[in-house]
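*Asks:*
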Amino acid sequence: MKIPPGIGLLLVGSGLYWVLAGPLIGWFSVLNPTQVHLSQTGITLVLVTGIACLVIGFWIIPVDLEELAKLFFRNDGWIFTIPIALVVADIYLTLIGLSQGSWELNQFVSSVVQIGSWAVVPFVVSYMALSEGLALAMLSVGKWLFGVARTSRYVPFALVCGAASFGPVSNAELLAFPRADSGSYSIGITIGMITLSAGIYFHFRRTRIRD
Numbered sequence: 000m001k002i003p004p005g006i007g008l009l010l011v012g013s014g015l016y017w018v019l020a021g022p023l024i025g026w027f028s029v030l031n032p033t034q035v036h037l038s039q040t041g042i043t044l045v046l047v048t049g050i051a052c053l054v055i056g057f058w059i060i061p062v063d064l065e066e067l068a069k070l071f072f073r074n075d076g077w078i079f080t081i082p083i084a085l086v087v088a089d090i091y092l093t094l095i096g097l098s099q100g101s102w103e104l105n106q107f108v109s110s111v112v113q114i115g116s117w118a119v120v121p122f123v124v125s126y127m128a129l130s131e132g133l134a135l136a137m138l139s140v141g142k143w144l145f146g147v148a149r150t151s152r153y154v155p156f157a158l159v160c161g162a163a164s165f166g167p168v169s170n171a172e173l174l175a176f177p178r179a180d181s182g183s184y185s186i187g188i189t190i191g192m193i194t195l196s197a198g199i200y201f202h203f204r205r206t207r208i209r210d
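Numbering (numbering that gives the first Met the number 0), first residue to last: 0 to 210.
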């Protein structure tokens, strides 16, 4: 049975996430036992699940790396690095926001950053693997839904990139307009996500027509 591209990266990313989540959940339980509580058995189960995902993910990840190499060496290969760029932008803007005392929408990200580098590094790797793995998986989904010959096969990839832009777009808007009301804030995020999705799709459409 052929393994679709993206599964290995998704498993590695989720494995790192769960391995990291185990000690973080324990840390939260100590700091705020009234809101977060998980038994030692529960934390162990989380860690075992993470390790299992990592083992399976590293076993099949060569399929993903081979597919990524093909995509990155295309003339427009840069566009397939957008999920990674969004991760970097999200983490970078989060660090700026925390240094300025801004509120972070994702409290897990905020907490990881504040704990220290031992948590930040695996979290960033996990975040990048999950984003790129999901993007690869959506390329396969697009081929399955629309066929290889149609430009529409890139729609799932474009939509996932738009959804992934929620973090950096929201952080950027929060930093630029800290006093904006919730209505304008939501509209700004939506416009940013739709613009990126449409831009990626029309890029592939123009490239297809030109070819």
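The beta carbon of each residue, even a glycine, is placed where N, CA and C say it ideally should be. Values in this document were obtained by computation on a predicted structure and should not be read as measured data.
Going by DSSP in three states, S164 sits in which element: helix, strand or coil?
*Replies:* By one-based count along the sequence shown, residue 164 stands at place 165. Three-state result, S164: coil.
*Asks:* Assuming I2 and I59 make a contact with CB atoms under 8 Å, what is their CB distance in whole Å?
*Replies:* Residue numbering aside, residue 2 sits at position 3 when the sequence shown is read from its first letter. Residue numbering aside, residue 59 sits at position 60 when the sequence shown is read from its first letter. I2 to I59, Cβ: 5 Å. Contact.
*Asks:* Please report how far the alpha carbon of L94 lies from the alpha carbon of C52, in whole angstroms.
*Replies:* Locating residue 94 in the sequence shown gives position 95, where the first residue counts as 1. Locating residue 52 in the sequence shown gives position 53, where the first residue counts as 1. Rounded to whole angstroms, the gap between the alpha carbons of L94 and C52 is 29 Å.
*Asks:* Leaving aside the five residues before and after F165 along the sequence, list all residues of the same chain whose C-beta is less than 7 Å from its C-beta, in chain order.
*Replies:* As a first step, residue 165 is located in the sequence shown; it is residue number 166 there, counting from the start. Excluding residues within five positions, the ones whose Cβ falls inside 7 Å are I188 and M192.
*Asks:* In the structure shown, what three-state DSSP assignment does I193 receive?
*Replies:* Position 194 of the sequence shown, counting from 1, holds the residue named residue 193. Residue state, collapsed to three classes: helix.
*Asks:* Can you give the Cα-Cα distance for W77 and T48, rounded to whole angstroms?
*Replies:* Position 78 of the sequence shown, counted from the start, is the residue given in the question as residue 77. Position 49 of the sequence shown, counted from the start, is the residue given in the question as residue 48. Rounded to whole angstroms, W77 to T48 spans 34 Å at the Cα level.
*Asks:* Give the secondary structure of P177 by DSSP, where H, G and I count as helix, E and B as strand, and everything else as coil.
*Replies:* The residue labelled residue 177 in the question sits at position 178 within the sequence shown. Residue state, collapsed to three classes: coil.
*Asks:* CB-CB under 6 Å to Y126, same chain, minus the five flanking residues each way: which ones, in chain order?
*Replies:* Here residue 126 refers to the residue found at position 127 of the sequence shown. Counting only Cβ-Cβ distances below 6 Å, and skipping sequence neighbours, we find V86.
*Asks:* Where does the unbroken alpha helix (DSSP H) through S98 begin, and where does it stop?
*Replies:* Against the sequence shown, residue 98 aligns to sequence position 99. Its alpha helix (DSSP H) spans residues I81 to S98.
*Asks:* With a CB to CB cut of under 7 Å and the five nearest residues on each side skipped, what residues in its chain are close to L70?
*Replies:* The residue given as residue 70 occupies position 71 in the sequence shown. G76 and F79, listed in sequence order.
*Asks:* Among the candidates L158, E131, L129 and S130, whose CA atom is the shortest distance from the CA of G141?
*Replies:* As a working mapping, residue 141 is identified with position 142 in the sequence shown. Among L158, E131, L129 and S130, the Cα nearest to that of G141 belongs to L158.
*Asks:* Can you give the Cα-Cα distance for L138 and P61, rounded to whole angstroms?
*Replies:* Counting from 1 along the sequence shown, the entry for residue 138 is found at position 139. Counting from 1 along the sequence shown, the entry for residue 61 is found at position 62. One C-alpha to the other measures close to 17 Å.
*Asks:* Does the distance from the CB of G132 to the CB of G12 come in under 8 Å?
*Replies:* Start at 1 with the first residue of the sequence shown, and residue 132 comes out as number 133. Start at 1 with the first residue of the sequence shown, and residue 12 comes out as number 13. In contact: G132 and G12 (Cβ atoms closer than 8 Å).
*Asks:* Going by DSSP in three states, K69 sits in which element: helix, strand or coil?
*Replies:* Counting from 1 along the sequence shown, the entry for residue 69 is found at position 70. Helix, per DSSP.
*Asks:* For A118 and L97, I'd like the C-alpha separation in whole angstroms.
*Replies:* For the purposes of this step, residue 118 is taken as the residue at position 119 of the sequence shown. For the purposes of this step, residue 97 is taken as the residue at position 98 of the sequence shown. Going from the Cα of A118 to the Cα of L97 covers about 16 Å.
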